[in-house]
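Residue numbers (our numbering), protein chains in the order written: chain A, 1 to 217; chain B, 1 to 217.
Here's the structure we're looking at; comments come further down.
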DNA sequence: CTCACCAATCTTGTATACAAGATTTCCTTG
DNA sequence: CAAGGAAATCTTGTATACAAGATTGGTGAG
C-alpha cells in the first residue's frame, strides 16, 4: 500500500467516524507538514476525497470536511432498500451451506461486539460485513462497492443514530430475521422488514436537534 | 465553465462515442501540447477520468482509454432494471399533466431523430432524456446522476448495439408502452417490459464477434 | 470611536524542474 | 547472424517556485 493510499485511508476513516468533524479545514500545507509529503501527491488525495464528497473544495479559499447531506442519505437508503429487497428475494431458498455458515458467523460476531469497549466501531464493521456478504453471495459485490463510493453521508448519519445500545440489539435481531427468510422464506413481510431495517428513523428530528452543527443547511 | 472542465467534457465525450478507441494512449505531455496547458491541471483531469474508469492508469507506463468491461455493463443494467421498475411502479397513475407533456415531447423528438443524419447521437440524447425525466419526476434525479458516474462501459456498449435502425424503432415503441403504463397502469407485464428494455441482448455474441478489440479480456 | 481602504498573509491553482521506473533501441559480444 | 546488455528515451511521480484570488488585520481619515 503506497503512502498516498495510506493517507487517503486514514483521512477517510477519520472523516467517516467523525474524528474530523464537518467544517474542519484540511489545508494542503498543514497536511503536507503532518505527513511529511509535498503538496502535489496530497492534492491527488484531496481530489479523490472531493469526488467522493468527503470534502468540499472552495477554490483559493480552502477545503472543508463536508457537512452531512440528509438528501443524499435518504437517496442512498432508498437505493439500498430497493436493491437489497430484490437481491434477498432472489437469494431466498438458494443459499449454499458455505454462505449460510458465513452469515451465521458474522451474526455471532456482531452480537458479541455489543457491550464491549469500542463497541460501535466493531459493530458497524460486522454490520457492513453482513450486508456485503449478501451482495457477494448474489454475485452483486460490484454494486456494493459502487454504493460504498457514495456513502460518506449515510455512514456518518448511521453512526450518530446508533449511539444507543438498544438500537444495536434491534439491528442484530433484524439480521436474524433476514437470515431466517433466506433459509426458509417464512416471513411474508420481508419487504417491509428490509425497508424498516435500512430506513431507521430517518424522518425523526433526533439529528437536527442534537447534531445540527454537523448537518448541511 | 473553466478550461479544465471543457477539456474533461471533451475527453469524456470522445471516449463515450468511441472517437477515442479503447486502448488509445493518453499521454500527459501530448495532451498538454494539444490543449496548451501544463501537466498539473491535466493530471487533475486524468485523475477524475481514472476514478470514473474512463481510463486506466499504469504508473510510470501510461494512461490508456479503458476497454469495455462487460461485467460492469451487466451490473449497471441490473441496477437500472431493478431501480426503474420500482420507480415506474411508484409513479404509475400519479403523473401530473406537466410531466406527461414532457415525456410525450421527448418521445416525439426521439422518434424524429430516426433516419436523420447523425441519427444515433441525437437518438441517444433523447433516450437518456426520457429515462432521466422519469427519475426526476419521481424525485430520484440524485440516483440518476449517481449511475451516470459509473456508466462509461454501459454507454459504449449501448452505442455498439444500437447501430441497426430497427433497434431504434423498437426502443421508441417500448418507451411508448412505459408511458402508457404510467398513464393507465394497463399493462400487467411492466416488469418484464422494463427488464427487456434495459437488458437488450447483452448475452448475445454480437459484440464479442464484431468488436472484440474493444472488449476487456 | 467608526468606517474605509490598503497591505500583508493566508488559501489553492499552475508551471516546471527533477526523480525514478519502464521501455526501446542499438551496439557489443559470442 | 543472434542474443544480451547498457544507455538513451520514453512514461508518470514528486517537489517546489510562483501566480492569483480571498481574507484578515491594521492604520489612517473623518
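We put the CB at the ideal spot given by N, CA and C, even for glycine.
- Could you give the DSSP three-state label for residue 114 of chain A: helix, strand or coil? Reduced to three states, the DSSP call for residue 114 of chain A is coil.
- Under 8 Å (Cβ pairs) to chain B, residues found in the region 87-117 of chain A: Within the region 87-117 of chain A, contact with chain B at the beta-carbon level (separation under 8 Å) is assigned to no residue.
- Query: In the structure shown, what three-state DSSP assignment does residue 62 of chain A receive?
  - Reply: In the structure shown, residue 62 of chain A sits in a strand (DSSP, three-state: E or B).
- Message: Taking a contact to mean a Cβ-Cβ separation below 8 Å, would you say residue 88 of chain B touches residue 207 of chain B in this structure?
- Response: When the beta-carbon positions are compared, residue 88 of chain B and residue 207 of chain B stay at least 8 Å from each other.
- Item | Residues in the region 33-66 of chain B having any Cβ partner in chain A nearer than 7 Å | Taking 7 Å as the upper bound on Cβ-Cβ separation, chain A lies near residues 44, 47, 48, 51 of the region 33-66 of chain B.
- Query: Can you find a CB in chain B that lies within less than 8 Å of the CB of residue 142 of chain A?
  - Reply: The Cβ of residue 142 of chain A sits closer than 8 Å to at least one Cβ of chain B.
- Neighbourhood of residue 138 of chain A by C-beta, 7 Å cutoff - its chain only, sequence neighbours within 5 removed: Counting only Cβ-Cβ distances below 7 Å, and skipping sequence neighbours, we find 87, 90, 91.
- Mark residue 197 of chain A as exposed unless 16 or more other C-beta atoms lie within 10 angstroms of its C-beta, in which case mark it buried. So residue 197 of chain A ends up on the buried side.
- Item | Through-space distance from residue 43 of chain B to residue 25 of chain A, alpha-carbon basis | Residue 25 of chain A and residue 43 of chain B have their alpha carbons spaced roughly 24 Å apart.
- Message: Suppose you measure from the CA of residue 114 of chain B to the CA of residue 120 of chain A; what does that come to, to the nearest Å?
- Response: Going by the C-alpha atoms only, they are around 57 Å apart.
- Task: Determine the direct distance from the alpha carbon of residue 205 of chain A to that of residue 83 of chain A, and round the result to whole angstroms.
- Result: When rounded, the distance between both Cα atoms is 27 Å.
- Task: Taking only beta-carbon positions, decide if residue 132 of chain B is within less than 8 Å of chain A.
- Result: Chain A, which has no Cβ nearer than 8 Å to the Cβ of residue 132 of chain B, makes this no.
- Task: Using 10 angstroms around the beta-carbon of residue 59 of chain A, count the other beta-carbons present and answer buried if the total reaches 16, otherwise exposed.
- Result: Counting other Cβ atoms within 10 Å of its Cβ, residue 59 of chain A stays below 16 and is therefore classed as exposed.
- Task: Just the C-alpha distance for residue 68 of chain B and residue 153 of chain B, rounded to the nearest angstrom, thanks.
- Result: Near 5 Å, if we compare the C-alpha coordinates of residue 153 of chain B and residue 68 of chain B.
- Item | Proximity winner among A:7, A:21, A:111, A:101, relative to residue 159 of chain A (alpha-carbon distances) | For the set A:7, A:21, A:111, A:101, the Cα lying nearest the Cα of residue 159 of chain A is the one of A:21.
- Task: Would you tell me roughly how many angstroms separate the C-alpha atoms of residue 55 of chain A and residue 65 of chain A, rounded to the nearest one?
- Result: Distance between the alpha carbons of residue 55 of chain A and residue 65 of chain A is about 4 Å.
- Message: Counting C-beta neighbours from all protein chains within 10 Å, is the total for residue 13 of chain B 16 or more, i.e. buried, or is it exposed?
- Response: A residue is called buried when at least 16 other Cβ atoms come within 10 angstroms of its Cβ; residue 13 of chain B does not meet this threshold and is exposed.
- Query: Comparing the C-beta of residue 75 of chain B with each C-beta of chain A, is any distance below 8 Å?
  - Reply: Yes, because at least one Cβ of chain A sits closer than 8 Å to the Cβ of residue 75 of chain B.
- Query: List, in order along the chain, the chain A residues whose C-beta lies closer than 7 Å to that of residue 82 of chain B?
  - Reply: Result: 82, 83, 86.
- Are the CB atoms of residue 172 of chain B and residue 132 of chain B nearer to each other than 8 Å? It is not a contact, given that the beta carbons lie outside the stated cut-off.
- Message: Relative to the C-alpha of residue 125 of chain A, which candidate in A:100, A:99, A:155 has its C-alpha closest?
- Response: Put simply, of A:100, A:99, A:155 the residue whose alpha carbon is nearest the alpha carbon of residue 125 of chain A is A:155.
- First and last residue of the uninterrupted alpha helix (DSSP H) at residue 156 of chain B: That run of the alpha helix (DSSP H) goes 152-161.
- Please confirm if residue 5 of chain B has its CB atom under 8 Å from at least one CB of chain A. The C-beta of residue 5 of chain B comes no closer than 8 Å to any C-beta of chain A.
- What do you reckon, are the CB atoms on residue 75 of chain A and residue 130 of chain B nearer than 8 Å? Contact check for residue 75 of chain A against residue 130 of chain B fails: the beta carbons are separated by 8 Å or more.
- Message: Once the 5 residues before and after residue 15 of chain A are set aside, which same chain residues still bring their CB inside 6 Å of it?
- Response: Contacts found: 54, 65.
- Run through DSSP, which three-state label would residue 56 of chain A get? Note: residue 56 of chain A maps to strand in three-state DSSP.
- Item | Cβ neighbours of residue 168 of chain A in the same chain (closer than 7 Å, five flanking residues each side left out) | Counting only Cβ-Cβ distances below 7 Å, and skipping sequence neighbours, we find 114, 123, 162.
- Task: Output yes or no for whether 8 Å exceeds the beta carbon distance between residue 35 of chain A and residue 7 of chain A.
- Result: Residue 7 of chain A sits close to residue 35 of chain A, with the two beta carbons spaced by under 8 Å.
- Item | Span separating the alpha-carbon of residue 214 of chain B from that of residue 28 of chain B | Straight-line Cα distance between these residues: approximately 23 Å.
- Please name the residue, chosen from B:4, B:140, B:212, B:145, that lies closest to residue 37 of chain B on a Cα-to-Cα basis. It is B:4.
- Which word fits residue 30 of chain B, buried or exposed, when buried means at least 16 other C-beta atoms lie within 10 angstroms of its C-beta? A residue is called buried when at least 16 other Cβ atoms come within 10 angstroms of its Cβ; residue 30 of chain B does not meet this threshold and is exposed.
- Along the chain, where does the alpha helix (DSSP H) that runs through residue 78 of chain B open and close? It spans 70-91 - the alpha helix (DSSP H) in which residue 78 of chain B sits, taken as one unbroken run.
- Output yes if chain B places a C-beta closer than 8 Å to the C-beta of residue 146 of chain A; else output no. Chain B contact via Cβ: present.
- C-beta neighbour in chain B for residue 70 of chain A, strict 8 Å: Chain B contact via Cβ: absent.
- Message: Against chain B, with Cβ distances strictly below 8 Å, would residue 26 of chain A count as a contact?
- Response: No, no contact with chain B.
- Any idea if residue 10 of chain B is buried or exposed, counting beta-carbon neighbours within 10 angstroms, 16 or more meaning buried? Exposed, since its Cβ has fewer than 16 Cβ neighbours within 10 Å.
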